[in-house]
Every structure is written in C-alpha cells, then in structure tokens.
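Quick note on the working numbering: the sequence shown kicks off at 68 and runs consecutively.
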Amino acid sequence: TAPETIGAKLDYDGSAVQWSTWEWKLYWVPRAVPIVLSVAATAAAALRLLRLRRLDQVEQFVARLRQRGVTTGGVVTQGIRMNDESVFVSGPWTFRFVDAQGTTRWVRRRGMFRGKNPPLTGERVTVLHDPAHPGDESRIFVARGNPDAPSAFTGHL
68 TAPETIGAKL DYDGSAVQWS TWEWKLYWVP RAVPIVLSVA ATAAAALRLL RLRRLDQVEQ
128 FVARLRQRGV TTGGVVTQGI RMNDESVFVS GPWTFRFVDA QGTTRWVRRR GMFRGKNPPL
188 TGERVTVLHD PAHPGDESRI FVARGNPDAP SAFTGHL
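Listed below in structure tokens is the structure:
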C-alpha cells in the first residue's frame with residue numbers, strides 16, 4: 068500500500084518514513100522547472116520590449132536632433148582592438164570633437180561592433196550634438212561611415 072501523505076514513503080516494515088532533502092528536490096524539480104522557465108522567458112521578453120522601446124525613443128530623438136542639432140567632424144582617440152576570431156566585439160571607445168562654442172569634448176562610449184569593423188584610433192567620425200546642451204553626453208551621437216543613413220547614429224547602441 069502507498070503512504071497516505073506526500074513526503075512520506077513506506078519503510079521495509081510498512082511504517083511511513085519522511086522523505087530526505089534529495090527526495091523532496093526530486094519531487095519539486097519537475098514542477099518548478101516549467102515555472103522558472105516561464106518566469107525567465109516572460110522577463111526576457113519584457114526586457115526585450117523595453118530595449119526596443121528605448122531604442123525607438125532614441126531614434127526619434129536623433130531624428131529631431133538632426134533637424135535642429137549641429138553636425139561636426141570628430142576623431143576616434145581610443146579605439147577597440149580588432150579581433151579576427153570573433154563575429155562581434157564589444158568595449159569602450161572614445162572620440163573627440165569640437166562643439167559649436169569651440170570647446171573640445173571627449174566622449175567615451177561602449178558599443179558592439181562586427182569583429183572586423185570596430186572603431187579604430189584615428190578614424191574619422193561624424194558627431195551630432197545639441198548646441199543648447201553641448202556637454203550633455205546623452206545628447207551626443209556619433210556616426211561611423213555614411214551619416215545620411217537612418218541608423219548611422221544609433222546602429223552601434
């Protein structure tokens with residue numbers, strides 16, 4: 068005969084014995100794994116939606132800034148080491164530009180790039196900034212390559 072409660076097993080003499088810690092874990096794992104995976108998948112989907120929403124807001128801000136902001140040339144002063152092994156490379160890089168008031172500014176960014184196309188020291192870039200807030204780094208965007216492309220200033224975010 069089976070024991071009358073969950074968490075007990077029959078001993079060799081027929082008396083109920085409580086499960087060990089490992090037996091409890093084996094009981095709960097098949098029930099807990101789907102719940103944990105569902106929560107993780109829901110959290111990942113929510114984070115992805117928030118990231119896409121934030122990127123859309125940034126792209127809209129850049130579109131507005133392209134109409135009223137200032138575009139100037141800049142140069143990468145600290146690049147990311149090229150990696151032939153990786154498809155993508157991520158890391159901090161720094162560029163310098165002179166704003167509309169004549170102040171030289173250095174901006175440090177973190178970005179993800181194709182392994183064979185990271186920003187290299189000395190590379191020329193196009194910088195878009197808000198002349199009303201030239202020191203606000205959240206309003207400074209940089210483009211590598213063609214600055215007329217729609218995602219030029221946000222493609223590496």
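For every residue, glycine included, the Cβ atom is placed at its ideal position computed from N, Cα and C.
Asked                                                                                                                                                                                         : Found
Is isoleucine 147 buried or exposed, if buried means 16 or more other CB atoms sit within 10 Å of its CB?                                                                                     : buried
Between alanine 210 and alanine 199, what straight-line distance do the alpha-carbon atoms span, to the nearest angstrom?                                                                     : 20 Å
Between which two residues does the alpha helix (DSSP H) harbouring lysine 76 extend?                                                                                                         : Per DSSP, lysine 76 belongs to no alpha helix (DSSP H); it is in the beta strand (DSSP E), 75–77.
Can you tell me whether alanine 108 is buried or exposed? The criterion is at least 16 other CB atoms within 10 Å of its CB, across all chains shown.                                         : exposed
State buried or exposed for alanine 219, treating a residue as buried only when at least 16 other CB atoms are found within 10 Å of its CB.                                                   : buried
Between the C-alpha atoms of arginine 98 and lysine 92, what's the straight-line distance to the nearest angstrom?                                                                            : 10 Å
Give every residue of the same chain whose Cβ lies closer than 7 Å to the Cβ of arginine 121, excluding the five residues on either side of it in the sequence, and list them in chain order. : none
Just verifying my parser: in three-state terms, what is the DSSP assignment at threonine 221?                                                                                                 : coil
Alpha carbons only, please: which of Gly212, Asp203, His196 is nearest the one belonging to alanine 130?                                                                                      : His196
Measure the C-alpha to C-alpha separation of lysine 76 and phenylalanine 155 and round it to an integer number of angstroms.                                                                  : 54 Å
Can you name, in chain order, every residue of its own chain whose Cβ lies under 6 Å from the Cβ of glycine 81, other than the five neighbours on each side?                                  : none
Go to proline 159, then tell me how far its beta strand (DSSP E) extends in each direction, as first and last residue.                                                                        : 155–165
Give me the DSSP bridge partner(s) of arginine 172.                                                                                                                                           : Phe164
Look at valine 143 and threonine 188 and say whether their C-beta atoms are less than 9 Å apart.                                                                                              : yes
Run the CB neighbour count on isoleucine 207, radius 10 Å, all protein chains shown included, and call it buried at 16 or more, exposed below.                                                : buried
Would a C-beta distance cut-off of 9 Å place arginine 191 and glycine 141 closer than the cut-off?                                                                                            : yes
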